[in-house]
Amino acid sequence: MSTAPQDGSPVLRMESVRKTFGGSVVLRDVDLEVAPHTVTALIGASGSGKSTLLRCANLLEEIDDGAIWLDGEEITDPRADQDAVRRRIGVVFQAYNLFPHMTVLDNITLAPRRVHGASRAQAEERARELLERLGLSGKADAYPDRLSGGQQQRVAIVRALAVRPRLLLLDEITAALDPELVGEVLEVVRGLKDEGMTMVLATHEMGFARDVADQVCFLDGGVVLERGTADQVFGDPQQERTRRFLRRIVEAGRL
Ligand SMILES: Nc1ncnc2c1ncn2[C@@H]1O[C@H](COP(=O)(O)OP(=O)(O)OP(=O)(O)O)[C@@H](O)[C@H]1O
Ligand SMILES: [Mg+2]
122 MSTAPQDGSP
132 VLRMESVRKT
142 FGGSVVLRDV
152 DLEVAPHTVT
162 ALIGASGSGK
172 STLLRCANLL
182 EEIDDGAIWL
192 DGEEITDPRA
202 DQDAVRRRIG
212 VVFQAYNLFP
222 HMTVLDNITL
232 APRRVHGASR
242 AQAEERAREL
252 LERLGLSGKA
262 DAYPDRLSGG
272 QQQRVAIVRA
282 LAVRPRLLLL
292 DEITAALDPE
302 LVGEVLEVVR
312 GLKDEGMTMV
322 LATHEMGFAR
332 DVADQVCFLD
342 GGVVLERGTA
352 DQVFGDPQQE
362 RTRRFLRRIV
372 EAGRL
């Protein structure tokens, strides 16, 4: 079992992380600290490295240099148990990836039962509790294709939460949704923040990032060019590139 430190030491820490794909550098000396019960928003243009950073944090990508710690344990140490690390991190991506041939309840209870050794009764109790909290209590026995995109994405969030993760990584979870469905999913994230979940999210929803994030990191060409509180980064950006990025967002009517 992981022993989660109760002090303020970071849940996730990255130091000088470097990631290349076929010779091109995608993350360059990235440092990141995520304190418990905080939300970190990764913003930046398409291709700036947000998803890659999240995938490295979850060990879906192997880093070329640097190190990553989860609750003080170096997870990039070759001796680390990668499966055990992934069990402590919940991930939700843009495309919800629910299994179409399984009911909502079975989608959610699969990992707790198969990977975490929960009994069916335990797993279903937790699943129903989460579905209720996310306003989906009537959908347990439905198949994913009978749900709206927003509902499917909320099920994907329930599925990630079902294993009681220490850290939740959310990659553009509203990007595939019709505009009228975005709000309900963001509302769920806001609720999780209120409950103290530690999260790192990549998002193009700047208004949301500004509203929910404790820390905002602006990525530019694989570098965290600027970071600070939402008020600092959005209200008083120090770097010309950050200003230019935000100006484009404002011009596009997205902030
Ligand atoms: N598996 C891969 N193989 C080769 N290059 C990759 C791979 N994954 C990502 N890249 C490259 O890494 C860079 C960063 O990509 P990444 O997906 O992290 O960007 P992003 O900030 O998430 O962009 P978006 O906002 O479009 O989601 C891009 O130039 C991309 O082409
Ligand atoms: Mg991305």
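Okay, so the sequence shown: first residue is 122 according to the numbering used here, each after it adds one.
Ideal Cβ placement from N, Cα and C applies to all residues, glycine included.
- Distance check between residue 281 and each of 166, 195 and 211 places 211 closest, using alpha-carbon atoms only.
- Between residue 193 and residue 138, the gap from beta carbon to beta carbon reaches 8 Å or more.
- Secondary structure of residue 360 (DSSP, three-state): coil.
- Annotation for residue 248: the continuous alpha helix (DSSP H) segment containing it runs 241-254.
- Pairing residue 284 with residue 233 gives a Cβ-Cβ distance under 8 Å.
- Within the chosen limit of 7 Å, ligand 1 does not reach the beta carbon of residue 137 with any heavy atom.
- With contact defined as three or more Cβ pairs closer than 8 Å, the region 145-160 and the region 172-189 are in contact.
- Shown here, residue 211 sits in a strand according to DSSP, grouped into three states.
- Between the C-alpha atoms of residue 207 and residue 236 there is a straight-line separation of about 11 Å.
- Shown here for residue 169: same chain residues with a beta carbon closer than 6 Å to its own, the five before and five after excluded, namely 340 and 341 in chain order.
- From the listed residues 173, 251 and 160, the smallest Cα separation to residue 275 is found for 251.
- Buried is the label assigned to residue 326, since at least 16 other Cβ atoms lie within 10 Å of its Cβ.
- By the Cβ-count criterion, residue 162 is buried, with 16 or more other Cβ atoms from all chains shown falling within 10 Å of its own Cβ.
- Residue nearest to residue 362 within the set 165, 171, 376 and 264 is 165 (criterion: CA-CA distance).
- Assignment of residue 339 by DSSP, reduced to helix, strand and coil, places it in the strand class.
- Remark: C-beta atoms of residue 215 and residue 334 do not approach each other more closely than 8 Å.
- Distance from the C-beta of residue 323 to the nearest heavy atom of ligand 1 is below 7 Å.
- Taken atom to atom, the span from the alpha-carbon of residue 172 to that of residue 323 is near 7 Å.
- Shortest gap from the CB of residue 171 to any heavy atom of ligand 2: under 7 Å.
- With a cut-off of 7 Å, the C-beta of residue 292 is classified as near ligand 2, since at least one heavy atom of the ligand falls inside that distance.
- Take the alpha-carbon of residue 373 and the one of residue 272: they are about 27 Å apart.
- DSSP lists no beta-bridge partner residue for residue 171.
- Between the alpha carbons of residue 368 and residue 353 lies a distance of about 15 Å.
- Taking 3 residues as the shortest admissible run, the region 263-341 contains the following complete beta strand (DSSP E) segments, listed from N- to C-terminal end: 288-292, 320-323 and 336-341.
- A Cβ-Cβ distance of about 10 Å is found for the pair residue 248 and residue 224, leaving them out of contact under the 8 Å criterion.
- Taking 8 Å as the cut-off, the Cβ atoms of residue 151 and residue 345 count as close.
- The residue among 132, 305, 360 and 135 with its C-alpha nearest the C-alpha of residue 256 is 305.
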